[in-house]
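Chains A and B, in that order, give the protein sequences.
Residue 55 in our numbering sits at position 55 of the first sequence, with consecutive numbering throughout.
Adding 92 to a residue's 1-based position in the second sequence gives its number in our numbering.
All C-beta atoms in this analysis are idealised placements derived from N, C-alpha and C, irrespective of residue type, glycine included.
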Amino acid sequence: MGELMIGLYVFVLAALAGREVITKVPPTLHTPLMSGANAISGIAIVGAIVVAGRADGTTQTVLGVAAITMATINVIGGFMVTDRMLSMFRKR
Amino acid sequence: MNVDLLVELTYLLSAILFVVGLRRLQSPATARGGNALASFAMLLAIVATLVDTDILGWTGILVGVAIGGTIGGVAARKVEMTSMPEMVGVFNAFGGGASALVAVAEFLNLPSVGLSTAGVSMLLGTVIGGVTFSGSFIAFAKLKGTLTGNPITFPGQNATNGLLAVGTLALGAMILGVFGGQDPTTLFYAFCGISLLLGILLVIPIGGADMPVVISLLNSYSGLAASAAGFAIGNMVLIISGALVGASGLILTQLMCKGMNRSLANVVFGGFGGTAGIDRAQIGQRPVMRADAEAVAAELGYVNSVVVVPGYGLAVAQAQHELRKVGDLLEARGVDVKYAIHPVAGRMPGHMNVLLAEADVSYDKLYDLDEINDDFSKTDAVLIVGANDVVNPASRDPKSVIAGMPILDVDRARRVIVMKRSLSPGFAGIDNDLFYADNTLMFFGDAKDSMGDLVREVRELA
Numbered sequence: 001m002g003e004l005m006i007g008l009y010v011f012v013l014a015a016l017a018g019r020e021v022i023t024k025v026p027p028t029l030h031t032p033l034m035s036g037a038n039a040i041s042g043i044a045i046v047g048a049i050v051v052a053g054r055a056d057g058t059t060q061t062v063l064g065v066a067a068i069t070m071a072t073i074n075v076i077g078g079f080m081v082t083d084r085m086l087s088m089f090r091k092r
Numbered sequence: 093m094n095v096d097l098l099v100e101l102t103y104l105l106s107a108i109l110f111v112v113g114l115r116r117l118q119s120p121a122t123a124r125g126g127n128a129l130a131s132f133a134m135l136l137a138i139v140a141t142l143v144d145t146d147i148l149g150w151t152g153i154l155v156g157v158a159i160g161g162t163i164g165g166v167a168a169r170k171v172e173m174t175s176m177p178e179m180v181g182v183f184n185a186f187g188g189g190a191s192a193l194v195a196v197a198e199f200l201n202l203p204s205v206g207l208s209t210a211g212v213s214m215l216l217g218t219v220i221g222g223v224t225f226s227g228s229f230i231a232f233a234k235l236k237g238t239l240t241g242n243p244i245t246f247p248g249q250n251a252t253n254g255l256l257a258v259g260t261l262a263l264g265a266m267i268l269g270v271f272g273g274q275d276p277t278t279l280f281y282a283f284c285g286i287s288l289l290l291g292i293l294l295v296i297p298i299g300g301a302d303m304p305v306v307i308s309l310l311n312s313y314s315g316l317a318a319s320a321a322g323f324a325i326g327n328m329v330l331i332i333s334g335a336l337v338g339a340s341g342l343i344l345t346q347l348m349c350k351g352m353n354r355s356l357a358n359v360v361f362g363g364f365g366g367t368a369g370i371d372r373a374q375i376g377q378r379p380v381m382r383a384d385a386e387a388v389a390a391e392l393g394y395v396n397s398v399v400v401v402p403g404y405g406l407a408v409a410q411a412q413h414e415l416r417k418v419g420d421l422l423e424a425r426g427v428d429v430k431y432a433i434h435p436v437a438g439r440m441p442g443h444m445n446v447l448l449a450e451a452d453v454s455y456d457k458l459y460d461l462d463e464i465n466d467d468f469s470k471t472d473a474v475l476i477v478g479a480n481d482v483v484n485p486a487s488r489d490p491k492s493v494i495a496g497m498p499i500l501d502v503d504r505a506r507r508v509i510v511m512k513r514s515l516s517p518g519f520a521g522i523d524n525d526l527f528y529a530d531n532t533l534m535f536f537g538d539a540k541d542s543m544g545d546l547v548r549e550v551r552e553l554a
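Structural data, given as structure tokens:
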């Protein structure tokens, strides 16, 4: 089985797993769900590290640093703001 | 054990923890731990990558992390809960932008990659990430009010977008050498430009109150862009995480569309709302019953049950803390107070819930539409704060523009009090018969001032 097919299987199964898990998130947590999921999409930081790490020319360096900066904003900001929101959901 | 295997197993663990973390968002009690778990999973993935990659230049990485970490950290601490939709919009933009840049860098590294999995995924990552980046910034500007919240339309808009979409496909095929070989680098820059333009054009015709759909959709795109980048560089954890985010955004998109009884195509291509062709001169010309804070306090303070319906007006006026004080005072008087939240109240999914949580309203008092709609006929008084279309009984009229939209059946309560600045129509641009009903009292004013007056008057009740 080729690399592409393995990737597609992984993609489809992960999307189905995500669907099962996320359908059960109550509406009251939809904003934290969105910002938390958004932080997870900052996983692009993994790709950004690869790009920035191997950079030798100017273009590649600029692209790599820009990608790392954006992905880090996404990851740090996303997880922190989600935590801040969730800390406010209290039962009295 | 060799390092490659260890790295792969760490990625696997990280993917599992993302799923488990998201699963814990199923209850407010476990959600915070779930978010912590997901951030730990991210850290694992980053460490695995740092170990796995032959890094030539640490400087760039450290500079990027320092700048990004500072900006993200400060923004996350400072942002007001009322501005959460803008914040999520910007974060979406950066997520999509990062994925697009990874795809771009990967392409420039191997420009003659040709028609292959890697080539197609690089282009997909570029276009989806690019659309997410520019589209999210437009959504941000609309939410912030820098750009008008009304749909921006021009003749032939959908045709232009269609042409651009076809152009993107054709350009993509040329870059991958389908029509014979040439140096694709220049074409690729054009491809990047068109992607950004497409993002702008796709979001400008969408009106302010449709933002919950747009934000959810862009959220989904940011995930798909990460997956595409994962296919491009052959990294499973990117593919998995991106698929999870893509699924999450898509589910929210569907829920938001259902909350308005409109199809996704209608939201994206409809140019709905704002200056829709409706005779505005007729709106607000009928007599209403007015009430002041003292009268409203009496209506709320001597009954058994009150349901509060918050809308976007609450967020605009930042009146959530005063609202909670009113709720507390009523509860102290023995009134049963609940909060009914429409799926598309506010500017993003769950916007109202976050505001009320910030004001320290207990989350078990927040009810969604399905949970509470049957209770309105048994409710003594409903207090509507800055909401309009989501309580408009016109949705039961098959000829109305909002026909079939699920609404909160507030008109079935014994008494309805509407706190609003004026009789001006909501986003749908139509009048609301609820305001003129026999059991409705209009309490005009800015939600924050009115709510402050109400706090005083409820305190003075015997």
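CB contact check: residue i to chain A, cutoff 8 Å
| i | result |
| --- | --- |
| Ala-339 of chain B | yes |
| Glu-198 of chain B | yes |
| Ala-554 of chain B | no |
| Val-171 of chain B | yes |
| Glu-100 of chain B | no |
| Gln-118 of chain B | yes |
| Ala-368 of chain B | Confidence in Ala-368 of chain B is poor, its pLDDT being 48 and thus under 50, which makes the residue's placement unreliable; the coordinate value appears in the next sentence. For Ala-368 of chain B, the answer is no, since every Cβ of chain A falls outside 8 Å of its Cβ. |
| Tyr-281 of chain B | no |
| Asp-96 of chain B | no |
| Ala-437 of chain B | no |
| Val-258 of chain B | no |
| Gly-156 of chain B | yes |
| Met-497 of chain B | no |
| Ile-536 of chain B | The residue asked about is misnamed: residue 536 of chain B is Phe in this sequence, not Ile. No, its Cβ sits nowhere closer than 8 Å to a Cβ of chain A. |
| Arg-551 of chain B | no |
| Gly-299 of chain B | no |
| Met-303 of chain B | no |
| Val-180 of chain B | yes |
Minimum Cβ-Cβ distance from residue i to chain B less than 8 Å
| i | result |
| --- | --- |
| Thr-72 of chain A | yes |
| Thr-58 of chain A | no |
| Val-10 of chain A | yes |
| Ala-14 of chain A | yes |
Pair within 8 Å by beta-carbon distance, residue i and residue j
| i | j | result |
| --- | --- | --- |
| Ala-320 of chain B | Leu-200 of chain B | no |
| Ser-308 of chain B | Gly-362 of chain B | no |
| Ala-407 of chain B | Leu-347 of chain B | no |
| Ala-432 of chain B | Tyr-459 of chain B | yes |
| Val-418 of chain B | Thr-471 of chain B | no |
| Leu-475 of chain B | Ile-509 of chain B | yes |
| Met-328 of chain B | Val-10 of chain A | yes |
| Gly-113 of chain B | Asn-94 of chain B | no |
| Val-81 of chain A | Val-171 of chain B | yes |
| Gly-7 of chain A | Ile-325 of chain B | no |
| Gly-478 of chain B | Lys-512 of chain B | yes |
| Ile-494 of chain B | Ala-520 of chain B | yes |
| Ala-14 of chain A | Ile-464 of chain B | no |
| Leu-86 of chain A | Pro-27 of chain A | no |
| Val-306 of chain B | Ala-231 of chain B | yes |
| Asn-480 of chain B | Pro-435 of chain B | no |
| Phe-72 of chain A | Gly-189 of chain B | It is Thr, not Phe, that sits at residue 72 of chain A in the sequence shown. No, the Cβ-Cβ distance between Thr-72 of chain A and Gly-189 of chain B is not below 8 Å. |
| Gly-18 of chain A | Ala-339 of chain B | yes |
| Val-401 of chain B | Val-483 of chain B | yes |
Partners in chain A for residue i, counting only beta-carbon separations shorter than 7 Å
| i | result |
| --- | --- |
| Thr-209 of chain B | Glu-3 and Leu-4 |
| Ser-115 of chain B | According to the sequence provided, residue 115 of chain B is Arg. The question's Ser does not apply to it. Ordered by position in chain A, the residues that pass the 7 Å Cβ test against Arg-115 of chain B are Val-21. |
| Asp-456 of chain B | Lys-91 |
| Ser-314 of chain B | Asn-38 and Ser-41 |
Neighbour list for residue i in chain A, Cβ cutoff strictly below 8 Å
| i | result |
| --- | --- |
| Asp-452 of chain B | Met-88, Arg-90 and Arg-92 |
| Ser-319 of chain B | Phe-11 |
| Val-446 of chain B | Thr-31, Pro-32, Met-85 and Met-88 |
| Val-205 of chain B | Under the 8 Å cutoff, chain A gives no residues; its nearest Cβ is about 14 Å from Val-205 of chain B. |
| Phe-110 of chain B | Ile-40 |
| Ile-267 of chain B | Per Cβ cutoff of 8 Å: no residues; Ile-267 of chain B is ~17 Å from chain A at best. |
| Thr-145 of chain B | Ile-49, Val-50, Gly-53 and Arg-54 |
| Val-477 of chain B | By Cβ distance, chain A contributes nothing, its closest Cβ being about 18 Å from Val-477 of chain B, past 8 Å. |
| Asn-353 of chain B | Within chain A, no residue comes near Asn-353 of chain B; the closest Cβ sits about 17 Å away, beyond 8 Å. |
task = Kindly provide the ranges of any alpha helix (DSSP H) runs that are 4 or more residues long and lie completely inside the region 446-528 of chain B, ordered along the chain.
result = Counting only runs of 4 or more residues that sit fully inside the region 446-528 of chain B, the alpha helix (DSSP H) segments are 461-464, in chain order.
inquiry  = Beta carbons nearer than 8 Å to chain A: which residues of the region 398-431 of chain B have them?
reply    = Using a CB distance below 8 Å, no part of the region 398-431 of chain B faces chain A.
key: Members of the region 320-335 of chain B near chain A, C-beta cut-off 7 Å   = Of all residues in the region 320-335 of chain B, only Ala-321, Phe-323, Ile-325, Gly-326, Asn-327, Met-328, Val-329, Leu-330, Ile-331, Ile-332, Ser-333, Gly-334 and Ala-335 come within less than 7 Å of chain A when Cβ atoms are compared, listed by chain position.
ask   = Considering only residues of the region 275-353 of chain B, which uninterrupted alpha helix (DSSP H) runs meet the minimum length of 4 residues and lie entirely inside it, listed in chain order?
value = Complete alpha helix (DSSP H) runs here, min 4: 277-295, 303-325 and 328-352.
task = Run through the region 33-86 of chain A for me and flag every whole beta strand (DSSP E) of 3 or more residues, listed as ranges in chain order.
result = As far as the region 33-86 of chain A is concerned, it has no whole beta strand (DSSP E) run of at least 3 residues.
inquiry  = Tell me which residues of the region 219-250 of chain B have at least one Cβ-Cβ distance to chain A shorter than 7 Å, keeping chain order.
reply    = Cβ proximity to chain A below 7 Å picks out nothing from the region 219-250 of chain B.
Unbroken stretches of the alpha helix (DSSP H), 4 residues or longer, contained in the region 358-429 of chain B = Segments of the alpha helix (DSSP H) lying fully in the region 358-429 of chain B: 385-393, 404-409 and 412-424.
task = Below 7 Å between beta carbons is the criterion; list the residues of the region 131-144 of chain B that meet it against any residue of chain A, in chain order.
result = If the cut-off is 7 Å between Cβ atoms, the region 131-144 of chain B has Ser-131, Met-134, Ala-137, Ile-138, Thr-141 and Leu-142 near chain A.
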